[in-house]
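S.K.: Quick one: the structure is below, and I'll ask about it shortly.
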């Protein structure tokens, strides 16, 4: 692991998610840019002293020097956004597989370059857009792709949070600090941090790309340097329209990512905070509440079944979904190490292409926010 | 009553809402443009034969000719949109008070002219934006105006319906026919029919005007002549941003009008389909579910208390809210007839100004939908 | 109307429910045992002075003396419980149809006697167990009777309220006073007032009688003379088991009547506070949320369709359900007056038999509460 | 670990829950009574061959023979119920700490004996009544014990499941087989399996013991040998009344454990399937929805704060709660190994006393079910 030192939030999530299924072990890390803090964290995590590195550069070098069976199989990058690119590049080019937190980079240029690096290195690269790890999101995707909804017409995706409603970044809170700092976060705050999750969710579930958008980004908290709220009109492929809104100043909301889809025949609705159910809404007939863990779910979505570990009514949640991303990626890595073909279901995780889509989306948002024209194009790649 | 003949939906709602509190009586009407059908409806409703008129013109003339105590006190106009203006004008100028269904007219020009007519006639004119008749909407408004939420930042209002997801207007269904006919409905379909309810709800609850908007209107059902879906970015006074989306092709949705507001200190959420509760979301502290009928609601909103007839837990709903509009207006008319001053709380009903706002909103939507510029201004009046 | 004077709650509900559909008119009443107060209420309600009576005895006599077309067609009895019997008897024997609030009487003896009176008088007698007036309750009954759930196994019915959690009856609140007074309320407080609604709901929806019960009744508020809470084990016909619990000291609850049924194939769930939906729960397959107003509801329940006046998503609630009881009864009375046969669907309202069942239930509850034996039998009639 | 071989459900849950926080490692096990299957499972789990034992007897002997730092620190017992006692006894007397699945034993006699064994062995013994591991359950307990609700009056606890609505035990499903087999499950089916969870939840949250009960247990599925449904009246200490009902034939229900408490001042409500929220219901004032992860929760419950790993809105669920039991127990064991005093918060896990309470509860249920007397006493210990 690179990043995830004292005070970090997402590093610990990655660690627990990776190990949830009992087949991944954390053995090395460069947890902080401070060598002392990195070592302290390593000790806390029970690592061998020799494998708590002072920097990711040192880590790459030393791990590469280890015999094949002893070195790390992959690295998880959980630093602030601006470091994703150089770290990922270094590890990939050194022959390691990479799992990287989102958003993938801080620019489209970096994202495109990273895609080339991945291709050349022939290594596995995964992005932890963890919300697509939820079984009911996978069911949603499978129902859509199977045509249950009929041709799609409209999507409404939203991601309201309230935790940045005040200037938290001035209170010493590390999470808030880097997320509102253009240097470390990239050109967008709220939309880069969570808007991209919404974008990824839409494109994952619909199988369609956003092709045009019209954005109104706002910074409500005085003195903040990046957007903390955004409202966006969407146009997707095949004439699908939509709305995306995200916010980190929607007081009283925690992490209320939600998606609604409407096709010619049926609608769908899913809420991240109650993730074990998916609403399916036929044009005629009762609204259906599909519940994770049942055979009727497995029948319609092998991906949902594979992503589900507990019986119905024994709720799974954030960590289980995050672990599903790790499980698929690590199974693919394991297949690579064993020189076998991975089960196609294992390939269901976000890749460098999703990461590039995210950066193109942010880029288009920022361009639209500055533009007086209604529509801004989002390139395919 | 003018309109509301056989096959109509809203006429019956007006009749029951008007009479719910036992102090309004239906005594005359021109229910259809067909004299036979009008008379039949009148008979069905127990009216005297003499007061079931063949046309609204006849009705005005005959009612005017009756002695003061015997003639109607006010008229309810429940025809398709394009007839609202001429009928309202005629009755107002003949000295009658008017309650009119929404949207008020089919153009801004008509709306402005009607406003002048109302002013000159010095008569009561009310518009049945019935959703603001709900007690919990009135509570929301009072909490906002009292500053509980702090300065507002964002509003999300939505109105998904699914009933027009197919070309219902070709099946002989009267409701669908006129709503999708530009001649009778005006320049907008979905947005004129329900988008204006959403607009009215926003402006009522926030006390702020929408000053700019950016609209993407779509007609999804092939062959339909008016929009059946719309997504809109909003900018309100005082820097408040927002999103409004409405649809009549969101399959599986019934009448899911909902509003969320976020201020610096608190958020609010209300859903029309479960109207007896209002969620209040403090930045810190548990989410609160305020329930209609409790003293703590009455303490914060005299308007909500007045609009509430049943104890908590004995749910009120659509008809009760509609009746609240009628109750306030009829109390004001009664006060006028008695030459007394109405209680200020009675004045809480939608007026010709709200009707004009609705038309300006539709006008701006249509202009924006055609425009390549991002923002379209919504004039104040 | 008899009862429903100043300060009463349910009288006003009856009046509005009766008139909601526009075909019932209040023309006479004895609203209070004080002639002055009765007359005042009559004036307030717009009655002719001559028909605001000083007592129900006077009312019967004078109305009987009116010519056939002028006298009342039926009377609504909305007094405290102990007066139901003598008033109903008097009116029935004088040839009037009767609609009576629940519980029907204050003893099984009275209830059985009233049943004989109704039979002899050959008049319509209806009881306002209003909760069975909800369309989705009617749908539930029709699904059960059609065998959708398979043979029933278990029922859970509950009715928690919290308004009597303190000694409200000592604060001068009229509602609380008579409901906690054994002389006016009968032998039970909470169970007589709302437990009987739960019992009626169970027997209505299942079509089965409770045959045995085991009750634990408690008076939690010190100084109160009747039970304010009760927990009951149920055994119904055909081996169906169940639980019924009701309370008026469940703080924080408003009027949370709810029922769940489980058959061999499916379960059902309905909540009075969100009455427009019925949950249907198949053994395999998604949970279904049936929503009032849709054709798929009408297809399965003509009674639900008849009881529904507004389109889906335009919520109906307490008053609409109450009005459905009145509508069926008044349609039956109207048929009687017209010497025609009523549509069988009109006969769907609670009768003197339901009233007797309620009294037998209360009687068994009180016997069980005093008994050391586990099971107490509930006679069929 | 003892038990948890191929086809088992709860073994895998224990394994993942134990390791979730990264400080417990599975190193040895006797996973099946078949040595081959045990070894296969061990290999699957990555254990050393030498530590996959053919029987728990072998495991105790061999582990005891290992040097202090190498042997297991504690054992998790996840076999069917009838084996809990002998295994736990053996390991305890051999000096190992024990974590045992529930119900603790198959008789009160065994439970009392086990309590003596634990006392004599001076070892840690924990029972995985996992539902008390949820943070919001801990918050509930802390609010109750702090007196927020005022003196308690009533509790309603329910645990409906539907998975055994048909004779699943005849289809070869292992879970269903032993749970419906008196020899392996003990004298009760449904109530032993899940009724005890409900009982434990009530006693944990209220801090009160059930002192009397009246039970109606039923076996609905023909041919089944143990109860699959039960309805129970409860009397707790301090005059608190209540209802407990549980079922494994409530079709359409998954794992709907829920509890409601009513005190003189406030009520509480919690549902296992949406575990991140706790409803608090004041007598006057809005209903409050407390959400896991917020400072206002931590302020009222250090136990809830300690049991919570993710920020608000990032839902935790079944596995996280299960892991909380393991975390507290393993922290206590670690403290014992380090000869330090555990933080009092760590002691918040179910013990042998809770296990004995569960057995006394089952015993009283079975006695009551057979009895014609209304009330059956539940001994304190």
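Protein chains in written order, with our numbering: chain E, -16 to 364; chain S, -16 to 364; chain P, -16 to 364; chain L, -16 to 364.
In this text, a Cβ means the ideal position worked out from N, Cα and C, and glycines have one as well.
Name the DSSP beta bridge partners of residue 249(E), please?
M.R.: DSSP output for residue 249(E) lists 265(E) as bridge partner(s).
S.K.: Using the three-state DSSP reduction, which class does residue 113(L) fall into: helix, strand or coil?
M.R.: Here residue 113(L) sits in helix by DSSP.
S.K.: In the DSSP assignment, find the unbroken alpha helix (DSSP H) run with residue 118(S) in it and report its ends.
M.R.: Per DSSP, residue 118(S) belongs to the alpha helix (DSSP H) from 118 to 128.
S.K.: So, is residue 124(S) buried or exposed, given that buried needs 16 or more other C-beta atoms within 10 angstroms?
M.R.: When all chains shown are included, residue 124(S) counts as buried.
S.K.: Using CA coordinates, which residue listed in 0(S), 309(S), 255(S), 323(S) is at the minimum distance from residue 302(P)?
M.R.: For residue 302(P), the nearest C-alpha among the options comes from 0(S).
S.K.: Assuming residue 245(L) and residue 232(P) make a contact with CB atoms under 8 Å, what is their CB distance in whole Å?
M.R.: About 7 Å; that satisfies the 8 Å criterion.
S.K.: Tell me which residues of the region 135 to 160 of chain L have at least one Cβ-Cβ distance to chain P shorter than 7 Å, keeping chain order.
M.R.: From the region 135 to 160 of chain L, only 136, 137, 139, 145, 148 have a Cβ closer than 7 Å to chain P.
S.K.: As a quick exercise: from 269(S), 198(S), 342(S), pick the residue whose alpha carbon is nearest that of residue 94(S).
M.R.: Answer by Cα proximity: 342(S).
S.K.: Tell me whether residue 205(E) is buried or exposed, calling it buried when 16 or more other Cβ atoms sit within 10 Å of its Cβ.
M.R.: Exposed, by the Cβ-count rule.
S.K.: Against residue 268(L), what residues of chain S qualify as contacts under a CB-to-CB distance less than 7 Å, listed in chain order?
M.R.: Residues of chain S passing the Cβ test: 279.
S.K.: Starting from residue 382(L), trace the beta strand (DSSP E) both ways and give me its first and last residue.
M.R.: Within the shown structure, residues of chain L are numbered from -16 to 364, placing residue 382(L) beyond reach of any answer.
S.K.: Just to confirm before moving on: does the CB-CB distance between residue -6(E) and residue 61(E) stay below 8 Å?
M.R.: Yes, they are a contact pair.
S.K.: Evaluate the contact criterion for the region 331 to 345 of chain P versus the region 81 to 88 of chain P: three or more CB pairs, one atom per stretch, below 8 Å.
M.R.: Judged by Cβ distances under 8 Å, the region 331 to 345 of chain P makes contact with the region 81 to 88 of chain P, as three or more pairs qualify.
S.K.: Going along chain L in order, which residues have a C-beta closer than 9 Å to the C-beta of residue 263(S)?
M.R.: Residues of chain L passing the Cβ test: 269.
S.K.: Between the beta-carbon of residue 13(P) and the beta-carbon of residue 21(P), is there less than 8 Å?
M.R.: The answer is yes: Cβ separation under 8 Å.
S.K.: Excluding five sequence neighbours on each side, which residues of the same chain lie with their C-beta closer than 8 Å to the C-beta of residue 52(E)?
M.R.: If we look at residue 52(E) and ignore the five residues flanking it on each side, it has no Cβ neighbours.
S.K.: Closer than 8 Å between beta carbons: that is the criterion. Which residues of the region 289 to 312 of chain P meet it against chain S?
M.R.: From the region 289 to 312 of chain P, only 292, 293, 294, 295, 296, 297, 298, 299, 300, 301, 302, 303 have a Cβ closer than 8 Å to chain S.
S.K.: Suppose contacts are defined by Cβ-Cβ distances below 8 Å. Is residue 111(P) in contact with residue -8(P) by that definition?
M.R.: Cβ distance not < 8 Å, so residue 111(P) and residue -8(P) don't count as in contact.
S.K.: For residue 45(E), which residues from the same chain have a beta carbon less than 7 Å from its beta carbon, with the 5 sequence-adjacent residues on both sides left out?
M.R.: Here the set comprises 36.
S.K.: State the Cα-Cα distance for the pair residue 216(L) and residue 98(L), rounded to the nearest angstrom.
M.R.: If I take the Cα positions, the gap works out to 28 Å.
S.K.: I'd like to know if residue 124(S) contacts chain L, where contact means its C-beta is closer than 8 Å to some C-beta of that chain.
M.R.: No, residue 124(S) lies away from the interface with chain L (no Cβ there is under 8 Å from its Cβ).
S.K.: Is the CB of residue 68(P) under 8 Å away from at least one CB in chain S?
M.R.: Not one chain S Cβ lies under 8 Å of residue 68(P).
S.K.: Kindly indicate the opening and closing residues of the alpha helix (DSSP H) around residue 103(S).
M.R.: Counting along the chain, the alpha helix (DSSP H) containing residue 103(S) begins and ends at 91 to 104.
S.K.: Look at the alpha carbon of residue 345(P) and the alpha carbon of residue 248(P), and state the distance between them as a whole number of angstroms.
M.R.: Residue 345(P) and residue 248(P): Cα-Cα distance of roughly 32 Å.
S.K.: Closest to residue 128(S) by CA distance: which of 267(S), 187(S), 337(S), 308(S) is it?
M.R.: Checked all of 267(S), 187(S), 337(S), 308(S); the closest Cα to residue 128(S) is 187(S).
S.K.: Taking Cβ-Cβ distances shorter than 8 Å, what residues in chain L pair up with residue 354(P)?
M.R.: The contacting residues are 357.
S.K.: Let me know the secondary structure DSSP gives residue 305(L) once reduced to three states.
M.R.: It is helical.
S.K.: Which residues bound the alpha helix (DSSP H) around residue 76(P)?
M.R.: 67 to 76 is the span of the alpha helix (DSSP H), which, as asked, contains residue 76(P).
S.K.: Under 7 Å Cβ to Cβ from residue 325(S), same chain only, skipping five residues before and after it: list those, please.
M.R.: Counting only Cβ-Cβ distances below 7 Å, and skipping sequence neighbours, we find 314, 315, 318.
S.K.: Looking at residue 43(L): is its Cβ nearer than 8 Å to the Cβ of residue 75(L)?
M.R.: No, the Cβ-Cβ distance between residue 43(L) and residue 75(L) is not below 8 Å.
S.K.: Residues of the region 247 to 263 of chain E in Cβ contact with chain L at a cutoff of 8 Å, in chain order, please.
M.R.: Flagged, chain order: 255, 256, 257, 258, 259.
S.K.: Can you pull the DSSP bridge partners for residue 143(S)?
M.R.: Answer is 230(S), bridged to residue 143(S).
S.K.: Between the C-alpha atoms of residue 134(S) and residue 268(S), what's the straight-line distance to the nearest angstrom?
M.R.: Between residue 134(S) and residue 268(S), the C-alpha separation is close to 19 Å.
S.K.: Taking beta-carbon pairs under 8 Å, can you tell me which members of the region 87 to 121 of chain E lie near chain P?
M.R.: Answer set for the region 87 to 121 of chain E: empty.
S.K.: Measuring only from the beta carbon, is residue -1(P) closer than 7 Å to any heavy atom that is part of the ligand MN?
M.R.: Absent from the structure shown: the ligand MN. Ligands present: none.
S.K.: Grouping DSSP H, G and I as helix and E and B as strand, with all else coil, what is residue 273(L)?
M.R.: If DSSP states are grouped into helix, strand and coil, residue 273(L) belongs with the strands.
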